[in-house]
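Structure, as C-alpha cells:
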Amino acid sequence: MATRFDPFREMDEWLATMRRQVPNAPGMPLDLYREGESYVARVDLPGVDPATIDVDVEDRTLTVRAERRMDVPEDAQWLTHERPTGTFARQLSLGHGLALDRIQAAYADGVLTLTIPVAEEARPRKIEVAHTGNRAEVEQRSEPAA
Numbered sequence: 001m002a003t004r005f006d007p008f009r010e011m012d013e014w015l016a017t018m019r020r021q022v023p024n025a026p027g028m029p030l031d032l033y034r035e036g037e038s039y040v041a042r043v044d045l046p047g048v049d050p051a052t053i054d055v056d057v058e059d060r061t062l063t064v065r066a067e068r069r070m071d072v073p074e075d076a077q078w079l080t081h082e083r084p085t086g087t088f089a090r091q092l093s094l095g096h097g098l099a100l101d102r103i104q105a106a107y108a109d110g111v112l113t114l115t116i117p118v119a120e121e122a123r124p125r126k127i128e129v130a131h132t133g134n135r136a137e138v139e140q141r142s143e144p145a146a
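UniProt numbering puts the first residue of the sequence shown at 1, with every later residue one more than the last.
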C-alpha cells in the first residue's frame with residue numbers, strides 16, 4: 001500500500017491545534033444597543049455551563065468570563081475539532097451616567113443578556129420655564145435686597 005506524502009499536513013495539524021487554543025474570532029461576540037432608559041448587551045455563549053459565568057464591574061470596566069468545557073472521553077479519536085474550549089473573557093468600558101449598582105444579567109438559550117440602566121441624574125428631562133408678565137418684574141425679583 002502506497003502512502004501519499006503531504007508536506008503541509010503537519011503544518012495544517014499544528015495550525016488546527018493553535019486555532020483550538022486561540023480562536024481567530026472573538027470567543028464572545030456581542031450586540032449592544034439602547035432600549036429606553038437602559039443599554040442592553042447580548043453576548044453569545046453557546047455550550048457554556050451557566051455556573052461558570054462571572055460578571056463583575058470594577059472602575060467602570062465590566063468583565064464577563066465564562067468557560068466552555070470539552071465533554072469528550074480522553075480516548076476519543078478526533079475527526080475534526082473546531083469548537084473552541086477553555087475560558088473566555090470580554091471587557092466593556094462603561095461611561096459615566098450609568099447605574100452600575102443596578103446592572104442585571106440573565107442567561108437563556110446560550111445568550112447572556114446584560115441590562116445596564118442609565119443613571120437617574122443622566123436621564124434627559126424637561127425644565128419648565130416660568131412665565132411672568134413683563135421684564136421689569138423679572139429684573140426686580142433677581143436684584144439682591146439692599
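Even for Gly, the Cβ is constructed at its ideal location relative to N, Cα and C.
Bear in mind the structure is a predicted one, so any value in this text is a computation, not a measurement.
Is it the case that the Cβ atoms of residue i and residue j are separated by a distance below 8 angstroms?
{"i": "T87", "j": "R65", "result": "yes"}
{"i": "E35", "j": "V118", "result": "no"}
{"i": "G110", "j": "G27", "result": "no"}
{"i": "E49", "j": "P29", "result": "According to the sequence displayed, residue 49 carries Asp and not Glu. No, the Cβ-Cβ distance between D49 and P29 is not below 8 angstroms."}
{"i": "E67", "j": "T52", "result": "yes"}
{"i": "A89", "j": "T63", "result": "yes"}
Please determine, among the options, the residue with the shortest C-alpha to C-alpha distance to residue i.
{"i": "L32", "options": "A119, L114, V118 and L100", "result": "L114"}
{"i": "L98", "options": "I116, D71 and L45", "result": "I116"}
{"i": "D101", "options": "T61, L45, P29 and V111", "result": "T61"}
{"i": "Y39", "options": "V129, Q104 and G133", "result": "Q104"}
{"i": "E58", "options": "L92, E121 and I127", "result": "L92"}
Mind checking which residues open and close the beta strand (DSSP E) that includes residue i?
{"i": "T60", "result": "Per the sequence shown, residue 60 should be read as Arg rather than Thr. Segment: none, R60 is in no beta strand (DSSP E) and carries neither H nor E."}
{"i": "I31", "result": "Sequence check: residue 31 is Asp here, not Ile. Taken as a continuous stretch (DSSP letters only), the beta strand (DSSP E) holding D31 covers L30 to E35."}
{"i": "I103", "result": "From DSSP, I103 is part of no beta strand (DSSP E); its letter is neither H nor E."}
{"i": "T115", "result": "V111 to P117"}
Run the proximity test for residue i: is its beta-carbon closer than 7 angstroms to any non-hydrogen atom belonging to the ligand SAH?
{"i": "I103", "result": "Absent from the structure shown: the ligand SAH. Ligands present: none."}
Spatial neighbours of residue i within its chain, please: C-beta separation below 6 angstroms, excluding the five flanking residues on both sides.
{"i": "V55", "result": "V64 and A105"}
{"i": "V22", "result": "With a pLDDT of 49 at V22, under the threshold of 50, the modelled position of that residue is not reliable, and the figure given next carries that caveat. Excluding residues within five positions, none has a Cβ falling inside 6 angstroms."}
{"i": "L112", "result": "V43 and L45"}
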